[in-house]
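Start counting the sequence shown at 807; every next residue gets the next number (my numbering). Backbone N, C-alpha and C fix where the C-beta goes; we use that ideal spot for every residue, glycine too. One structure is given below, encoded as structure tokens.
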Amino acid sequence: MKPLTFACAALAAAMAVSCGQPVKKSFDGPAYLDESLPVEERVEDALSRMTTEEKVALTHAQSKFSSAGVPRLGIPEVWCTDGPHGIRAEVLWDEWDQAGWTSDSCTAFPALTALAASWDPSLAGLYGTVIGEEARYRKKDVLLGPGVNIYRTPLNGRNFEYMGEDPFLAATMVVPYVQGVQRNNVAACVKHYALNNQETARFFTNVTVDDRTLYEIYLPAFKAAVDGGAWAIMGSYNLYKGQWNCHNQYLLNDILKGEWGFDGVVISDWGGVHDTDQAITNGLDMEFGSWTNGLTMGKTNAYDSYFLANPYLERIRSGQVGTTELDDKARRILRLIFRTSMNPEHKTGRFTSPEHYAAARKIGAEGIVLLKNDGGILPLRGAKKILVVGENAIKMMTVGGGSSSLKAQHEVSPLDGLREALPGVEVVYERGYVGDAGGEYNGVSTGQDLSEKRSAAQLIADAVKAAQGADYVIYIGGLNKSDYQDAEGNDRQQYGLPYGQDAVIEALAAAHSKLVVVNISGNAVAMPWVSRVPAIVQDWYLGSEAGHSLADVLTGAVNPSGKLPFTFPVALEDGPVKTPEQFPGLPGDKTWESSFGSVPILEETYSEGIYVGYRWFEAKQVAPLFPFGYGLSYTTFAYGDPKVSKTVTTDGSVTVSVPVTNTGAVAGAEVVQFYVADPESSVDRPVKELKGFDKVFLQPGETKTVSVQLTRESLSFFDAAKHAWVAEPGRFDVLVGASSADIRGSVSFELK
Ligand code: GLC
């Protein structure tokens, strides 16, 4: 409408009202299309116009990543896309393979372990906003991410997609991400709900866990996302209490939709639906990726055979089931549509913008964790020649890893990033070891030729020789996105570095005093050489800007401020998960009659209970290699005495504050962590638990007071018998630290 016309219309309307005439509605179509109406009115109007067949069609896929809309009413299809780190390349209608588009090369953002390691909720908001813009621009309505499963064992192949071992950190970081995505009229689909903490036998493992552990450790990040307004949740493949989690009465109806009042949609994981009756009644709303019984995988008309397709229709037509559940599913899906593709805001997003690359670079650099820097050999300085060693210095990491694999518009390798950042320095390269020479996933190829003819011994000898005369040696290795490394579908088979890397590192440590080891991984790894290496950097899968982010930190352009989102144990057996019953589980007496045949369901017990991560190491007084929340800086910080706003409280709401000073020569950021201890509790509780943190940026010499607001929730444990959170009266201690193992002060107060 032209401005003048609009003004006339507005004037006419105003005059009509002043003369007492009813204002002519600006829209005379059906209510569901009236963008001035609230979503719920549009939902009810659309639902009232739909047939049973149309409602059923909404509840299941019509293609690999889309479900039907209502063509007759002009209600659009729902399009989903992976993944949590970037928008997956377009696939064929009914195949995982690529559609061969030329307009879908995306920005690859850092893996979520890196985001978690930044401990910066404002970066989580930036992350969600920019990835949401890319999803919207690619006309996707549901982003299948973020993943927030808790890091329970360092062997889980998908930990790189998640946000670490602590429920409070994950819960704090997931909300801004979700809200950032959704401000683009794109639904975040938080996954994998719940208890999907491994890849081994992920389709048929039944998890047994006590209620207190479920509520204190494995649910908080999901609950925070729902409380933060998430529009979608993805059910996980595994089972809980003997029910598949894509249609689980306990997790979906009782907890998610019941206790938490979730009004969004529950989307199955791809292939996670196994039964029509359970899918109808146990809280599932949208079925994707099924290879329904009796049909081969990927058969083009399989969609009509989906559990919520013809089988559902037949049950309704025969009167075997009513339409109450169907209307609830349809309402939720219509609500999703009016929040996304039919949202009056009509956002259009952006794709591979300079701002997106800048965000990727910033998040990556802020997530990198400086683990060791003896003699302050970092940041690099005064070098004329630097030797870079290791396959991970050149290997593309945006391809592979499973469903989060991407077709990135570009990916700056660590080697290229360093060369670009050090123009006057001779940067030479040696392979060091051969890891995964492949480079293709689901039809996306890296195009790299990583073939190598030299033996392992020759590669080491060549690297050691090249180290002579170099001012620095930077080893860049770790894991990668190939099977049995950091990848979906399988778990790691060892805690130590693969491909004989320890020998390469030992040889380089013996050959050169200024060795920097950069570990690229999404999981903790063993570091037997830790005492022989002066500088160690935990790098992550940082996506398109990986090389720039790493170079920014190694050169000092960015002062590292990341903190570990999970513990690095010295040895795997130091951790809480030790027995086959705990991981990966043992065959029980139930079988899964799958389209692959009869499969024994594994029974797995989380017998370590709430003692996951630092909770375990502190309870058992086992020293880790590097503790949760640990990370160094190129500057130093001093903490003053923490203060508490009151020494007695009746509702737990106290403010704890602490002055922090940058006592070094360069600007930097410190993540101040607040842990709560309950020394008088009637139940066993961890030594302390993270209940607050804040990242503070300080110029040299600058002091700021950091404070967090605790609440009754911060003091509570989950009482399974009462099925309620309980904060017991008595003394509480708040320990303020630079990591879980570096407490700089504490205060106490009493809860009356
Ligand atoms: C995969 C993953 C899930 C992904 C979905 C679609 O199996 O478990 O994270 O979003 O299927 O690719």
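Once DSSP output is grouped into helix, strand and coil, what is the label at residue i?
i            : result
residue 1236 : strand
residue 1218 : coil
residue 979  : helix
residue 1404 : strand
residue 1547 : coil
residue 1365 : coil
residue 1421 : helix
residue 1354 : helix
residue 970  : coil
residue 868  : coil
residue 1557 : strand
residue 1475 : strand
residue 1131 : helix
residue 1091 : coil
residue 853  : helix
residue 1252 : coil
residue 1058 : helix
residue 1263 : helix
residue 812  : With a pLDDT of only 49 at residue 812, under the threshold of 50, the placement of this residue in the model should not be trusted; the figure read from the coordinates follows. The answer is helix: DSSP assigns residue 812 an H, G or I state.
residue 1526 : coil
residue 1397 : strand
residue 807  : Summary for residue 807: the model assigns pLDDT 39, below 50, so the residue's position carries little reliability, and this model does not support an answer.
residue 1455 : strand
residue 1247 : strand
residue 1520 : helix
residue 1392 : strand
residue 823  : At residue 823, the pLDDT of 47 sits below 50, so the modelled position is not reliable; the number obtained from the coordinates is stated separately. Of the three classes helix, strand and coil, the one that applies to residue 823 here is helix, per DSSP.
residue 1489 : coil
residue 1460 : strand
I'd like to confirm the pairing. Which residues does DSSP put opposite residue i in its beta bridges?
i            : result
residue 1465 : 1511
residue 1193 : 1234 and 1279
residue 1410 : 1013
residue 1202 : According to DSSP, residue 1202 bridges with nothing at all.
residue 1480 : 1498 and 1542
residue 995  : 1038
residue 1552 : 1541
residue 1536 : 1557
residue 1073 : 1040 and 1092
residue 1503 : 1475
residue 876  : 881
residue 1374 : 1432
Count the other CB atoms, across all protein chains shown, that sit within 10 Å of the CB of residue i; report buried if there are 16 or more and exposed otherwise.
i            : result
residue 1204 : buried
residue 859  : exposed
residue 1259 : exposed
residue 925  : buried
residue 1255 : exposed
residue 1443 : buried
residue 1439 : buried
residue 808  : Caution is warranted here: a pLDDT of 45 is assigned to residue 808, below 50, making its placement in the model unreliable, and no coordinate value can be reported.
residue 1131 : buried
residue 1402 : exposed
residue 1237 : buried
residue 1218 : buried
residue 907  : exposed
residue 1271 : exposed
residue 945  : exposed
residue 877  : exposed
residue 1110 : exposed
residue 1502 : buried
residue 1341 : buried
Kindly give me the distance between the Cβ atoms of residue i and residue j, rounded to whole angstroms, as I take these residues to be in contact under 8 Å.
i            : j            : result
residue 874  : residue 1093 : Rounded, the Cβ-Cβ distance is 12 Å, inconsistent with contact.
residue 1071 : residue 1027 : Incorrect: roughly 19 Å between the Cβ atoms, too far for contact.
residue 1248 : residue 902  : 5 Å
residue 1290 : residue 1296 : 5 Å
residue 912  : residue 950  : Rounded, the Cβ-Cβ distance is 14 Å, inconsistent with contact.
residue 1418 : residue 956  : 6 Å
Runs of 4 residues minimum, wholly inside the region 1145 to 1178: which ones carry the alpha helix (DSSP H) assignment?
Complete alpha helix (DSSP H) runs here, min 4: 1160 to 1173.
What are the complete alpha helix (DSSP H) segments, minimum 4 residues, inside the region 1010 to 1049?
Runs found: 1026 to 1033.
Unbroken stretches of the alpha helix (DSSP H), 4 residues or longer, contained in the region 1420 to 1449:
If we require 4 residues or more, the alpha helix (DSSP H) runs fully inside the region 1420 to 1449 come out as 1420 to 1425.
In chain order, what are the residue ranges of uninterrupted beta strand (DSSP E) at least 3 long that sit wholly in the region 881 to 965?
Here the runs fully enclosed are 884 to 887.
Any chance you could list the alpha helix (DSSP H) runs of at least 4 consecutive residues sitting entirely within the region 1285 to 1359, in chain order?
List check, alpha helix (DSSP H) in window: 1307 to 1317.
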